[in-house]
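Counting in the numbering used here, the sequence shown runs from 6 upward without gaps.
Only one structure is covered here, and it is reproduced in the block below.
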Amino acid sequence: MLTWDELISRCGSCRRCALHHHRTHVVVGMGNRNADVMFIGEGPGEQEDLQGLPFVGPAGLLLDKMMAAINLSREQVYIANVVKCRPPYNRDPLAEEQNACLDYLRNQVLLVKPKIIVCLGRIAAKAVIAPDFKITRDRGKWVEKKGYHIMATFHPAALLRDETKKRPAWEDFKSLQRKCQELGVLGTGQ
Ligand code: URA
């Protein structure tokens, strides 16, 4: 297992897949390295690639609002992605790109040791929970894997495209809040 410094340096010079050709920045992750709650998205978009930080574009603003509504802040959680470099035109990361990058995410999870993991969208849910995960069918369901409490919800970008997904996503965030309370972890506003 790599230390944080080693991980950041390896990601910075990574050429394991073709995504490195067009990146401006590698987006490793951000937030509290000892967080109880970790969010995992799909991969950097345009703003993330430019700034080197996850979820700083329109989807990130919505994520911040949803977190704030359950008294969670960016400083309390850790946010990472399945792939650390932006796929061209924001297309889904290919299986080989995800596979090349997943060791970095596994390493991050081992370093953070969160109690709760929330997958944002289908790509993260398939990579982290199960390859046959169906976001519409399986979102909001808690599973326990290797001692982590894991749930997936719609990707915030999907909520921006389709308003009807906002209510179920909000239910999922309330479920996250209840899970935080149940496990006695930070950010529940209690
Ligand atoms: N979408 C993601 O999945 N991750 C980001 O960091 C930004 C947008």
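Glycine is no exception: its CB is placed at the ideal position from the N, C-alpha and C atoms.
Next item on the list: Can you tell me which of Y153, R91, L66, P63 puts its alpha carbon nearest to the alpha carbon of A40?
Entry: Residue 40 sits at position 35 when you count from the first residue of the sequence shown. Taking only the C-alpha atoms, the option nearest A40 is Y153.
Margin query: As a quick check of your reading: which residues have a C-beta less than 7 Å from at least one non-hydrogen atom of the ligand URA, in chain order?
Written below: V32, G46, E47, G48, P49, G50, E53, P59, F60, G62, A64, G65, N86, L125, G126, H160, A162
Check: If you follow the beta strand (DSSP E) that M43 is part of, which residue opens it and which one closes it?
Finding: Taking the sequence shown and counting its residues from 1, one reaches residue 43 at position 38. Run containing M43: 42-46, per the beta strand (DSSP E) assignment.
Check: Exposed or buried, what is K170 when buried is set at 16 or more other beta-carbons lying within 10 Å of its beta-carbon?
Finding: The sequence position of residue 170 within the sequence shown is 165, counting from 1. By the neighbour-count rule (16 or more Cβ atoms within 10 Å), K170 is buried.
Note to self: If you measure between the beta carbons of A64 and A132, is that distance less than 7 Å?
What the structure shows: Start at 1 with the first residue of the sequence shown, and residue 64 comes out as number 59. Start at 1 with the first residue of the sequence shown, and residue 132 comes out as number 127. It is not a contact, given that the beta carbons lie outside the stated cut-off.
Notebook entry, point to check: Can you tell me the Cα-Cα spacing of C22 and P119, whole angstroms?
Noted result: Within the sequence shown, numbered from 1, the residue matching residue 22 stands at position 17. Within the sequence shown, numbered from 1, the residue matching residue 119 stands at position 114. Roughly 28 Å separates the two Cα atoms.
Margin query: Does the contact criterion of 3 or more C-beta pairs under 8 Å hold for the segment 48-63 versus the segment 141-151?
Written below: no
Checklist line | Where the beta strand (DSSP E) containing E168 begins and where it ends | finding: For this step, residue 168 is matched to residue 163 along the sequence shown. Segment: none, E168 is in no beta strand (DSSP E) and carries neither H nor E.
Next item on the list: Only counting runs of 3 or more residues, tell me where the beta strand (DSSP E) segments fall wholly within the segment 69-134, in order along the chain.
Entry: 83-86, 121-125
Next item on the list: Using a threshold of 7 Å, state whether the C-beta atoms of L217 and M6 are closer than that.
Entry: Limits of the chain in this structure are 6 at one end and 195 at the other, which puts residue 217 out of reach.
Notebook entry, point to check: Between the C-alpha atoms of K184 and F44, what's the straight-line distance to the nearest angstrom?
Noted result: Reading the sequence shown from its first residue, position 179 is the one you call residue 184. Reading the sequence shown from its first residue, position 39 is the one you call residue 44. Using only the alpha carbons, I get a separation of about 14 Å.
Checklist line | Option in D167, R127, V117, E168 with minimal Cα separation from M156 | finding: As a working note, residue 156 is residue 151 in the sequence shown. Of D167, R127, V117, E168, the residue nearest in Cα terms is R127.
Notebook entry, point to check: With a CB to CB cut of under 7 Å and the five nearest residues on each side skipped, what residues in its chain are close to S78?
Noted result: Position 73 of the sequence shown, counted from the first residue, corresponds to residue 78. Counting only Cβ-Cβ distances below 7 Å, and skipping sequence neighbours, we find M72.
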